[in-house]
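Notes to accompany the following structure.
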């Protein structure tokens with residue numbers, strides 16, 4: 014099941030692990046991504062707080078954690094090829110995997126259809 | 007309108023007729039006076055030098071403690087003729103004020119008088135050591151003192167710190183003095199208010215000093231929202247940082263009222279002096295209630311920008327903050343002897359917050375700035391501000407009929423005119439206008455700053471341009487803007503005639519190559 | 014006014030276009046209380062080029078010029094011969110009157126020069142990447158400490174006692190405001206630096222250890238053990254160098270395991286200038302640390318036609334984009350000084366720098382040998398490059414230095430000036446020797462020092 018935030022992150026839930034990235038809409042707004050600063054494995058992240066930074070040539074944007082949890086894995090491929098965020102934002106360009114501290118927090122997020130409407134309204 | 011160019015070239019000529027752009031490729035890649043130049047490391051050799059020194063005697067006794075270098079450093083050398091040619095060729099790929107009009111907003115690219123350069127190179131200034139016994143450098147200390155006095159009188163402020171090395175360093179100096187002053191009375195305040203139109207250094211500086219930065223909104227007229235600012239003041243606000251004239255090119259007319267309110271709430275007023283050129287000799291910031299303001303000697307007082315420094319950023323202080331200024335400072339004793347107050351002068355240093363740099367500041371810039379001030383005098387500096395403001399308003403009123411000028415109705419601008427990209431069509435942007443101006447022979451204005459205006463273009467002509475030069479610029483600027491309004495696709499590829507076409511910044515940032523490596527390394 | 018091209022006719026025509034009756038109408042937004050009725054009082058009126066030059070020359074004439082007398086001052090600023098072509102090149106208007114290269118298509122001259130400069134500095138320091146320069150050595154030293162705290166996420170820096178005391182003061186001043194802890198110390202007056210003592214002060218909370226090389230007393234020693242000890246505790250080694258010419262003769266800091274190398278570049282191309290503008294050098298050994306570096310970086314790329322070109326890059330670290338999250342609030346570098354350094358380094362090349370370093374060391378060895386023969390004087394250092402410490406047998410060095418100046422010799426920097434109030438250091442004199450020093454100068458210093466000591470005894 015994939016959820017979306019109004020800050021344009023997506024979170025994919027499979028069992029007790031979630032994968033986080035930014036949406037196609039977000040990458041389009043940012044332009045060519047040149048660098049992604051990922052959290053260290055083991056970092057505790059908090060819903061709505063900074064978890065990663067994504068940089069284009071002229072801008073640096075914070076990426077917020079969609080829910081509380083602990084980072085278990087990061088996408089090493091982004092280190093060599095940050096352009097993956099542009100070419101496959103909702104696939105190979107994922108940012109990090111994390112535990113789900115409170116599944117209840119997922120309920121406040123949008124599903125794909127709701128996010129599509131949200132983007133259309135911007 | 008007059009033809010913009012009297013040299014013989016006519017604007018109605020096509021590209022092919024002008025003979026510049028078309029024509030066969032050359033073997034060298036050079037195009038007459040436009041010469042390509044390889045990297046130093048591609049032409050230099052390890053065993054070549056342009057300096058005659060005794061050969062190394064491998065048998066000479068040394069006292070290097072067994073640390074003599076065994077590995078090659080990896081440097082290369084050129085003889086003097088090769089060196090001069092290398093850098094002369096590089097220089098010709100640069101745009102400078104000496105070459106043409108350079109209306110870079112908020113940077114004050116005015117003519118750099120050559121007397122200043124001559125004076126700075128007098129051995130009595132250039133060839134003296136910062137730690138020379140003070141009895142042997144009285145003239146140098148006097149320069150620091152005289153320049154400080156000029157700055158105090160021009161700003162109507164009683165104290166000055168001369169050591170900060172550049173504008174941002176001066177800003178830091180001012181904010182650190184503010185923190186020190188609050189702490190000295192046990193008042194731990196946490197917040198610095200910064201208008202949203204401020205330069206990025208302001209919040210970066212406040213954050214460095216461990217302050218939390220809060221934005222103050224702007225009014226639709228492009229000034230600080232006084233009501234919102236007053237509402238936010240309180241016991242947690244240490245200072246406000248305001249640029250005046252502001253980054254929209256407007257004078258903050260309620261500055262005195264803001265300052266009084268900030269003082270009543272126990273805070274201090276930091277004024278970013280980046281735009282002092284608009285008011286120098288005309289308005290004294292001290293009369294507006296400023297507590298600290300840095301002065302960019304490389305802007306208002308015309309020390310050269312040098313391709314990005316060195317700058318110099320002395321800070322003037324109010325009575326309240328002056329005692330907290332950093333070391334060292336210059337004083338004069340009863341006999342008229344100048345001396346430095348440093349760490350050792352325990353009683354005299356008072357509550358100074360410490361030291362910002364190893365020595366006494368940018369002496370080479372002090373001599374240039376003082377020379378500039380003496381040349382202009384109080385009357386000339388007043389004329390500087392008036393002409394700078396006149397030139398900017400002339401550009402504003404010559405462009406506003408075709409180019410969006412968001413604050414044109416707010417009254418006269420100060421020394422710079424601000425425009426936006428509102429009516430451009432066909433996906434053309436401010437960047438395209440900037441690059442189009444390069445082809446017209448101009449350095450572009452500041453673009454995308456301030457952030458409060460979409461596609462901002464900030465034009466600062468300065469006072470050292472003739473009316474003819476400004477008229478020609480207006481003609482060119484209007485022509486390029488017309489192309490952007492018409493959605494001219496060709497403009498998206500500009501510049502066509504610069505030493506390089508648009509450069510790929512994405513590639514540079516994704517795979518940074520920051521030093522030269524041998525191709526086969 | 015010779016710098017103002019507008020005529021009164023121009024002004025009138027422009028005011029008409031603007032629709033203003035007078036220039037003062039353009040200043041209508043200035044509050045009444047701050048309006049002046051004429052030029053600011055208490056300042057002179059404009060003056061001719063000749064008159065201004067005369068005034069400035071009279072001030073310059075009150076200073077004792079280093080090149081006119083036997084000269085031995087160092088302690089972070091060194092007098093070297095700068096080839097004539099350096100000044101000619103930096104005075105070209107295209108370099109002198111250019112701005113920061115934000116429009117790269119018309120700033121390739123500055124950008125290519127910076128790329129070459131970064132390469133020269135990185136190689137000199139034995140590092141992977143150098144930036145486009147900072148204000149000066151002392152501020153670069155603080156920036157290195159700040160960077161180490163970002164990289165390690167620790168907040169304690171250990172300073173060697175033999176770090177230039179003004180550099181230590183800058184670091185301590187800045188740390189007061191950022192909340193970092195600085196563990197500093199006084200220099201031990203010993204022939205060798207006390208590296209064991211330094212290593213003992215590194216703990217698990219240490220972000221970095223900062224060591225000067227050659228140190229403030231001119232001593233040099235292998236810093237590899239300090240690097241190993243720091244790395245074992247997860248800390249970084251910051252090496253500070255105030256005399257780049259030394260690195261033409263001795264091992265680079267990078268070779269010894271330094272993680273961040275910073276320094277003052279004034280020795281090459283810049284000149285003494287009473288302390289500024291100078292040139293802050295900053296480099297890192299591990300390219301992974303690049304994104305934590307402060308200051309501008311120039312990088313290689315290609316243009317739309319595929320030609321090689323250069324741009325400022327990784328600028329998302331900087332204040333104009335990152336605002337309060339920037340790595341530093343610095344906006345500028347020391348561009349023209351970087352150019353002077355780079356031109357001088359190009360003229361020297363590998364061979365010239367090594368010869369220059371050898372000549373400095375040869376003369377310094379001669380001076381140390383000769384000065385050690387002055388009764389009551391001892392050379393402290395076992396090893397040195399071009400600067401060493403003289404112990405004056407209980408004589409106050411500050412008074413001796415002033416007396417030597419009256420005798421027309423600028424004899425060195427007294428440690429008493431650098432460490433006011435520290436009794437143990439009052440009798441030490443720091444003497445620097447460069448290629449500009451003649452054997453005759455050394456003889457004069459030895460003679461006058463002997464006389465000065467003798468007289469101070471009476």
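Chains as they are written, first to last, in my numbering: chain B, 14 to 135; chain W, 7 to 527; chain E, 14 to 471. Positions of the beta carbon are idealized from the N, C-alpha and C atoms, including for glycine.
Fill in: Collapsed DSSP secondary structure at residue 14 of chain E in the structure displayed
coil
Item to complete: Answer yes or no: do residue 232 of chain W and residue 266 of chain W have a C-beta to C-beta separation smaller than 8 angstroms?
Response: Contact flag unset, no.
Discussion item. Checking 8 angstroms against the spacing of the C-beta atoms, do residue 193 of chain E and residue 152 of chain E come in under that value?
Written reply: Residue 193 of chain E is not a Cβ neighbour of residue 152 of chain E, given a cutoff of 8 angstroms.
Worksheet item: How many Å lie between residue 437 of chain W and residue 237 of chain E at the Cα?
Response: 50 angstroms
Worksheet item: Residues of chain E with a CB under 7 angstroms from the CB of residue 257 of chain W: which are they?
Response: 42 and 43
Worksheet entry | Distance between residue 84 of chain W and residue 322 of chain E (C-alpha atoms, nearest Å) | 22 angstroms
Item to complete: Look at the Cβ atom of residue 60 of chain W, then the Cβ atom of residue 378 of chain E, and state whether they are nearer than 8 angstroms.
Response: no
Worksheet item: Taking only beta-carbon atoms, is residue 68 of chain B less than 8 angstroms away from chain E?
Response: yes
Discussion item. For residue 132 of chain B and residue 16 of chain B, which I take to be in contact (beta-carbon distance under 8 angstroms), what is that distance rounded to the nearest angstrom?
Written reply: In this structure, residue 132 of chain B and residue 16 of chain B do not form a Cβ contact; the two beta carbons are roughly 14 angstroms apart against a cut-off of 8 angstroms.
Practice prompt. Would you tell me roughly how many angstroms separate the C-alpha atoms of residue 240 of chain W and residue 306 of chain E, rounded to the nearest one?
Written response: 37 angstroms
Item to complete: Helix, strand or coil for residue 274 of chain W, going by three-state DSSP, please let me know.
Response: Residue 274 of chain W: strand per DSSP, three-state reduction.
Item to complete: Report yes if the CB atom of residue 70 of chain W is closer than 8 angstroms to the CB atom of residue 455 of chain E, and no otherwise.
Response: no
Worksheet item: Which bits of chain W does residue 438 of chain E rub up against, with CB to CB less than 8 angstroms?
Response: Ordered by position in chain W, no residue passes the 8 angstroms Cβ test against residue 438 of chain E, which lies about 12 angstroms from the chain.
Item to complete: Could you give the DSSP three-state label for residue 323 of chain W: helix, strand or coil?
Response: strand
Discussion item. According to DSSP, residue 219 of chain E sits in a beta bridge with which residue or residues?
Written reply: E:169
Discussion item. Please list, in chain order, the residues of the region 499-515 of chain W that have any C-beta partner in chain B closer than 7 angstroms.
Written reply: Cβ contacts with chain B come from 511, 512 and 515.
Discussion item. Quick check on the burial criterion: 16 or more other C-beta atoms within 10 angstroms. Buried or exposed for residue 54 of chain B?
Written reply: By the Cβ neighbour-count rule, residue 54 of chain B is exposed, with fewer than 16 other Cβ atoms within 10 Å of its own.
Item to complete: Find out if the Cβ-Cβ distance for the pair residue 56 of chain W, residue 82 of chain W is shorter than 8 angstroms.
Response: no
Worksheet item: Are the Cβ atoms of residue 155 of chain W and residue 75 of chain E separated by less than 8 angstroms?
Response: no
Discussion item. Distance cutoff 8 angstroms, beta carbons only. Does residue 95 of chain B sit that close to anything in chain W?
Written reply: yes
Item to complete: Taking only the alpha-carbon atoms, compute the straight-line gap between residue 93 of chain B and residue 304 of chain E and give it to the nearest angstrom.
Response: 14 angstroms
Discussion item. Taking its Cβ as the centre, do 16 or more other Cβ atoms sit within 10 Å of residue 376 of chain E, making it buried, or is it exposed?
Written reply: buried
Practice prompt. Return the residue from the list W:526, W:523, W:522 and W:511 that minimises the CA-CA distance to residue 48 of chain B.
Written response: W:511
Worksheet item: Residues of chain W with CB under 8 angstroms from residue 302 of chain E, in chain order?
Response: Ordered by position in chain W, no residue passes the 8 angstroms Cβ test against residue 302 of chain E, which lies about 12 angstroms from the chain.
Worksheet item: Which residues of chain E have a Cβ atom closer than 7 angstroms to the Cβ of residue 159 of chain W, listed in chain order?
Response: 53, 55 and 56
Fill in: Listed by chain order, chain E residues near residue 310 of chain W by CB distance under 8 angstroms
Going along chain E in sequence order, the residues near residue 310 of chain W (Cβ under 8 angstroms) are 109, 110 and 349.
Discussion item. Let's test the definition: count the other Cβ atoms within 10 Å of the Cβ of residue 526 of chain W and tell me whether it reaches 16, buried, or not, exposed.
Written reply: By the beta-carbon neighbour count (other beta carbons within 10 angstroms, threshold 16), residue 526 of chain W is exposed.
Worksheet item: Where does the unbroken beta strand (DSSP E) through residue 321 of chain E begin, and where does it stop?
Response: 321-325
Discussion item. So, does the region 316-324 of chain W touch the region 456-463 of chain W, judging by three or more C-beta pairs under 8 angstroms?
Written reply: Judged by Cβ distances under 8 angstroms, the region 316-324 of chain W makes no contact with the region 456-463 of chain W, as fewer than three pairs qualify.
Practice prompt. Just mark residue 110 of chain B as buried or exposed, buried being the case when its beta carbon has 16 or more other beta carbons within 10 Å.
Written response: buried
Worksheet item: Of all the residues that make up the region 414-432 of chain W, which are near chain E by a beta-carbon distance shorter than 7 angstroms?
Response: 417 and 418
Worksheet item: If you follow the alpha helix (DSSP H) that residue 463 of chain W is part of, which residue opens it and which one closes it?
Response: It is not in any alpha helix (DSSP H) - residue 463 of chain W instead sits in the beta strand (DSSP E) that spans 463-465.
Fill in: Residue burial classification, residue 58 of chain E (beta-carbon count within 10 angstroms, cutoff 16)
Exposed, because fewer than 16 other Cβ atoms sit within 10 Å of the Cβ of residue 58 of chain E.
Item to complete: Check the Cβ-Cβ distances between residue 45 of chain B and every residue of chain W, and say whether any is below 8 angstroms.
Response: yes
Discussion item. Beta carbons nearer than 9 angstroms to chain E: which residues of the region 27-55 of chain W have them?
Written reply: 35, 42, 43, 45, 46, 47, 50, 51, 52, 53, 54 and 55
Item to complete: Could you tell me whether any Cβ in chain W is nearer than 8 angstroms to the Cβ of residue 462 of chain E?
Response: Between residue 462 of chain E and chain W, the shortest Cβ-Cβ separation is not below 8 angstroms.
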